[in-house]
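Throughout the sequence shown, residue numbering follows mature numbering (1 follows the signal peptide of the UniProt record, and there is no 0), covering -20 to -1, 1 to 288 in sequence.
Think of the CB as a built atom: it goes at the ideal place given N, C-alpha and C, for glycine as much as any other residue.
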Amino acid sequence: MSTASMIIFACSLFTKLTTSENVTTNCTGIDDKIMMITVYFLYQAQRYYCSQYDVPYKDWRIIEYIQDQIKRHLNCSVVNFQEFVHNYYKNRINCTEYFDEWFENIGFDDILDKNSCNFRDDLDIYNDLTTFAAYLRNRSISQENYTRMIISAMCNLDQAHDEFYRSKSKYKAKRDDFLKYVIKILSTTQVNHSIESFLIQQVQERPEFKNWIPDRYLLKILQCYIQNGYLNISINLLLKSSDKISDVTVLYQMLAPYMYLVGFISIGMIIIVFLHNIYGILKRDNVIHYQGDDFNWIVKGKYIPNTI
């Protein structure tokens, strides 16, 4: 039994032991809520659940654990829960088109902080799932159909969150590269129209930024910088940082010859002292601590017997 399976089994057992009363009510009319809990716990258990070949409903441990969670959160039970999940897997609907539309118009607001044009510190995938489900309902999609879309919705969210953390790890370097490019463009190119639209066009057309286009986070956050007035602030901060680096570099170049000279002299003195100690070229008196009546006398030279 794997570690994950052992954890799931233990959690399932704990849930059963801590349930104060048996749930006998059958769940009716809430298939969407049941499937949202199901895919969320499949995600939490790190099960493969998105491919057409994945059959997580055959794992009795995870199915039993999810069923216990449904009883706990919805206060009802599903008759033949394994077959229930199997039917939704068999009849699921791909919702990627709806998801991309939602993500472009709404989802980014939960993932990117538009006030600072930066990534949020953390994400709540279940909250995003409920928000997307509400979006589907508002599109006049029937409950049956949008419930069949929930597996696809969770898979899209899972992928989007993975992209988020990958983009976040390389964001600062990409942003600085972009700002350096902007400084270069503004100093060498005559812009005859809106600087914002010009820069967005550059990001979308320049070969060096082509690999940014598939990364919807980086492109969106750079557009946020351009459109929200943060561009000038960021450029000034980058220029100040560059000036400080330049000042340090100039100071180092000025002091370098003297530092080398001091270094060579110090090394030479160490070598001379080392040779003198080995070959006796430099003689050093031994220091003898002689115990007097009330004092410790320090006497240089050879041992002097006590004559007092």
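_Taking only three categories from DSSP, how would you classify Asn55?_
Here residue 55 corresponds to residue number 75 of the sequence shown, with the count starting at 1. Here Asn55 sits in coil by DSSP.
*Determine the DSSP secondary structure at Gln207, reduced to helix, strand or coil.*
Position 227 of the sequence shown, counted from the start, is the residue given in the question as residue 207. Helix at Gln207.
_Burial state of Glu1, where buried means 16 or more other Cβ atoms lie within 10 Å_ = Position 21 of the sequence shown, counted from the first residue, corresponds to residue 1. A caution first: Glu1 carries a pLDDT of 49, below 50, which makes its placement in the model too unreliable to give a value.
*asked:* Which residues does DSSP list as the beta-bridge partners of Asn6?
replied: Counting from one through the sequence shown, the residue named residue 6 turns up at place 26. According to DSSP, Asn6 bridges with Ser57.
_Coarse secondary structure for Asn95, derived from DSSP in three states_ = Position 115 of the sequence shown holds residue 95. In the structure shown, Asn95 sits in coil (DSSP, three-state: anything other than H, G, I, E or B).
_Ala113, DSSP secondary structure in three states_ = Walking along the sequence shown from the start, residue 113 turns up at place 133. Residue state, collapsed to three classes: helix.
*For Gln32, name the three-state secondary structure that DSSP assigns.*
Counting from 1 along the sequence shown, the entry for residue 32 is found at position 52. Gln32 falls in the coil class under three-state DSSP.
*Could you spell out the range, first to last residue, of the alpha helix (DSSP H) harbouring Leu103?*
Counting from one through the sequence shown, the residue named residue 103 turns up at place 123. Segment: none, Leu103 is in no alpha helix (DSSP H) and carries neither H nor E.
*Could you spell out the range, first to last residue, of the alpha helix (DSSP H) harbouring Phe158?*
The residue labelled residue 158 in the question sits at position 178 within the sequence shown. Residues Ile130 to Thr168.
*Terminal residues of the alpha helix (DSSP H) in which Glu77 lies*: In the sequence shown, residue 77 corresponds to position 97, counting from 1. From DSSP, the alpha helix (DSSP H) with Glu77 extends over Thr76 to Trp82.
_Using the Cβ count rule (16 or more neighbours within 10 Å means buried), how would you classify residue 328?_
For the chain, the structure presents residues -20 to 288; residue 328 sits outside this window and is missing.
*What three-state label does DSSP hand Ser122 in the structure shown?*
The residue labelled residue 122 in the question sits at position 142 within the sequence shown. Ser122: coil per DSSP, three-state reduction.
*Counting only the same chain and skipping the five closest in sequence on each side, list residues whose C-beta sits under 8 Å from that of Thr127.*
For the purposes of this step, residue 127 is taken as the residue at position 147 of the sequence shown. Listed in chain order, the non-local C-beta contacts of Thr127 below 8 Å within the same chain comprise Asp11, Asp12, Met15 and Tyr68, local neighbours out to five positions each way being set aside.
_Within-9 Å CB hit, Ile130 to chain B_ = In the structure shown, chain B does not exist; there is a single protein chain.
*Buried versus exposed call for Gly9 [16 or more other C-beta atoms within 10 Å across all chains shown]*: For the purposes of this step, residue 9 is identified with residue 29 of the sequence shown, where counting begins at 1. In summary, Gly9 is exposed, with fewer than 16 beta-carbon neighbours lying within 10 Å of its beta-carbon over all protein chains present.
*Exposed or buried, what is Trp40 when buried is set at 16 or more other beta-carbons lying within 10 Å of its beta-carbon?*
Here residue 40 refers to the residue found at position 60 of the sequence shown. When all chains shown are included, Trp40 counts as exposed.
*Helix, strand or coil for Ile180 per DSSP?*
By one-based count along the sequence shown, residue 180 stands at place 200. Looking at Ile180 - three-state DSSP - the assignment turns out to be helix.
*Given 8 Å, three or more beta-carbon pairs between the segment 66 to 85 and the segment 47 to 55*: no
*So what's Gln62 in DSSP terms, helix, strand or just coil?*
Sequence index remark: in the sequence shown, residue 62 carries index 82 (1-based). Residue state, collapsed to three classes: helix.
*By DSSP, does Asn71 sit in helix, in strand, or in coil?*
Your numbering for residue 71 matches position 91 in the sequence shown. In the structure shown, Asn71 sits in coil (DSSP, three-state: anything other than H, G, I, E or B).
*Would Arg264 be called buried (16 or more neighbouring beta carbons within 10 Å of its own) or exposed?*
Here residue 264 corresponds to residue number 284 of the sequence shown, with the count starting at 1. Because Arg264 carries a pLDDT of 46, less than 50, the predicted location of this residue cannot be relied on, and no value is offered for it.
*asked:* Using a Cβ-Cβ cutoff of less than 7 Å, which residues in the same chain neighbour Ile73 once the five nearest sequence positions on both sides are dropped?
replied: Here residue 73 is taken as the residue at index 93 of the sequence shown, counted from 1. Only Asn125, Arg128, Met129 and Ser132 meet the Cβ criterion.
*On a CA-only basis, which of Val65, Lys148, Tyr23 and Gln184 is nearest Tyr106? Give me that one, please.*
For this step, residue 106 is matched to residue 126 along the sequence shown. It is Tyr23 whose Cα lies nearest to the Cα of Tyr106.
_Integer Cβ distance of Val19 from Tyr33, believed to fall under 8 Å_ = As a working mapping, residue 19 is identified with position 39 in the sequence shown. As a working mapping, residue 33 is identified with position 53 in the sequence shown. Contact flag wrong, Cβ pair sits at about 17 Å.
*Check whether the Cβ atoms of Ala140 and Gly87 sit closer than 9 Å, and answer yes or no.*
By one-based count along the sequence shown, residue 140 stands at place 160. By one-based count along the sequence shown, residue 87 stands at place 107. Closer than 9 Å, so yes.
*Tell me whether the beta-carbon of Tyr151 lies closer than 9 Å to the beta-carbon of Leu198.*
The count along the sequence shown starts at 1 and reaches residue 151 at position 171. The count along the sequence shown starts at 1 and reaches residue 198 at position 218. Yes, the Cβ-Cβ distance between Tyr151 and Leu198 is below 9 Å.
*asked:* If the criterion is Cβ atoms closer than 9 Å, does the pair Asp108 and Asp90 meet it?
replied: Here residue 108 is taken as the residue at index 128 of the sequence shown, counted from 1. Here residue 90 is taken as the residue at index 110 of the sequence shown, counted from 1. It is a contact, given that the beta carbons lie within the stated cut-off.
*Are Leu202 and Phe158 touching if we call contact CB-CB under 9 Å?*
Taking the first residue of the sequence shown as 1, we reach residue 202 at position 222. Taking the first residue of the sequence shown as 1, we reach residue 158 at position 178. Yes, the Cβ-Cβ distance between Leu202 and Phe158 is below 9 Å.
*Taking C-beta to C-beta, are Ile17 and Arg27 nearer than 9 Å?*
Counted from its first residue, the sequence shown places residue 17 at position 37. Counted from its first residue, the sequence shown places residue 27 at position 47. Not a contact, by the Cβ cut-off of 9 Å.
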